[in-house]
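First the structure, in the form of structure tokens, and then the observations on it.
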Ligand code: ADP
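Numbering (the working numbering), first residue to last: 1 to 353.
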């Protein structure tokens, strides 16, 4: 049963349907059928749409002829989806046009923003509460106790340091997110970058009794990248490997070239950061790069982690059009692999070599 409005609705790029005063759906496009069910023509809209909020809106528009906006909730088989539905009167008759605008991503962005603010507040509040407690104690019970004062000041310094690191990481994250769409242009030398990261982390490794094992071969590797950001990527990864994988006693960093990386579908450079520590349970792996996600939050906090390191790493690698792969086996260790696109000049050298 086709209706003159069907052709018009078919031209709309979003689910749309029309109903009339007899409570029937008189026209609908394919997008609407996909959303609310097949064979909608001539059916009662109450049966097809079913959701009380939307039905209530339709009734009110039918009652007073005034346009309104409502909501329709669905599921696309992968996730819950949210549609904003405009319910408008067409012409002077009691015909209504319903258009369904998918606002799922807006809803999700709003939810992420709320979660993020809640997380940041929580992360800042913990050290702040400790600081306030110690200030109180220093003013009162420990006022004249020099030994206690020194101990408390040490703890307070640690807590202030934690807040400082958190704010530093938050600023990094926001900077990195800000320029994620701007491609880096400089030619940088990976050996130099990794060498400099090794020098920075040498002391931390010594303190943790971890040997750093560079396996760069004798090739000099150039990539198109932002030197400071790549420093940050490898500092975060190698520092994590030292901190969390210290029990393995060594951390290997290996550079590998490949003429065809399956993920990039192009020549790539792989940098592996491998530790031989306790590893990470596979249930955590897919979420590890989310902000504030920790596989072992007790350890992370004890080691002064902010939970933002891998989120920063992921954003920087995205900006470089690269990939991050995480593989781990409990009790064996963890391997983080950064894959970066090879520059055409480097690919050329590799081919002729
Ligand atoms: P954090 O500041 O907590 O270190 P990251 O974003 O750098 O935050 O890392 C997220 C979590 O991933 C850490 O809390 C830790 O549980 C886990 N993790 C990261 N690297 C390793 C590793 N090499 N071995 C074991 N666990 C790791």
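Virtual Cβ for every residue (Gly too), placed ideally from N, Cα, C.
Per DSSP, what kind of secondary structure is residue i in: helix, strand or coil?
i, result
"residue 354", "Any answer about residue 354 is impossible in this case: the structure gives the chain only from 1 up to 353."
"residue 326", "strand"
"residue 15", "coil"
"residue 78", "coil"
"residue 357", "The requested residue 357 is not part of the displayed model; the chain covers only 1 to 353."
"residue 87", "strand"
"residue 211", "strand"
"residue 288", "coil"
"residue 222", "strand"
"residue 337", "strand"
"residue 296", "coil"
"residue 102", "strand"
"residue 308", "coil"
"residue 24", "strand"
"residue 44", "strand"
"residue 125", "helix"
"residue 95", "strand"
"residue 346", "helix"
"residue 33", "helix"
Does the distance between the C-beta of residue i and the nearest non-hydrogen atom of the ligand MG fall short of 8 Å?
i, result
"residue 284", "Of the ligands one can find in the structure shown, namely the ligand ADP, none is the ligand MG."
With burial defined as no fewer than 16 other Cβ atoms inside 10 Å of the residue's Cβ, what is the status of residue i: buried or exposed?
i, result
"residue 225", "buried"
"residue 311", "buried"
"residue 371", "The structure shown does not extend to residue 371, since the chain spans only 1 to 353, so no value can be given for it."
"residue 243", "buried"
"residue 330", "exposed"
"residue 370", "Because the chain here runs from 1 to 353, residue 370 falls outside it and cannot be looked at."
"residue 123", "buried"
Decide if the stretch 248–260 is in contact with the stretch 311–324; the criterion is three or more beta carbon pairs, one per stretch, under 8 Å apart. no
Pairing CB atoms from the stretch 139–151 with CB atoms from the stretch 114–124, are three or more of them under 8 Å? no
Residue ranges of each beta strand (DSSP E) within the stretch 157–196, 3 or longer: 187–189
Does the stretch 27–46 come close enough to the stretch 62–69 to have 3 or more Cβ pairs within less than 8 Å? no
Assess, as a yes-or-no matter, whether the stretch 27–40 is touched by the stretch 10–19 under the definition of 3 or more beta carbon pairs within less than 8 Å. At 8 Å Cβ cutoff, the stretches touch.
Complete beta strand (DSSP E) runs within the stretch 229–278 (minimum length 3 residues, chain order): 250–261, 266–275
Contact between the stretch 266–280 and the stretch 325–344 is defined here as three or more beta-carbon pairs at a separation below 8 Å; is this criterion met? yes
For the stretch 280–298 and the stretch 192–203, state whether three or more C-beta atom pairs, one from each stretch, are separated by less than 8 Å. no
Report yes or no: do the stretch 153–162 and the stretch 185–193 share at least 3 C-beta pairs separated by less than 8 Å? no
Across the stretch 66–84 and the stretch 96–107, are there enough close Cβ pairs to call them in contact, namely three or more that are closer than 8 Å? yes
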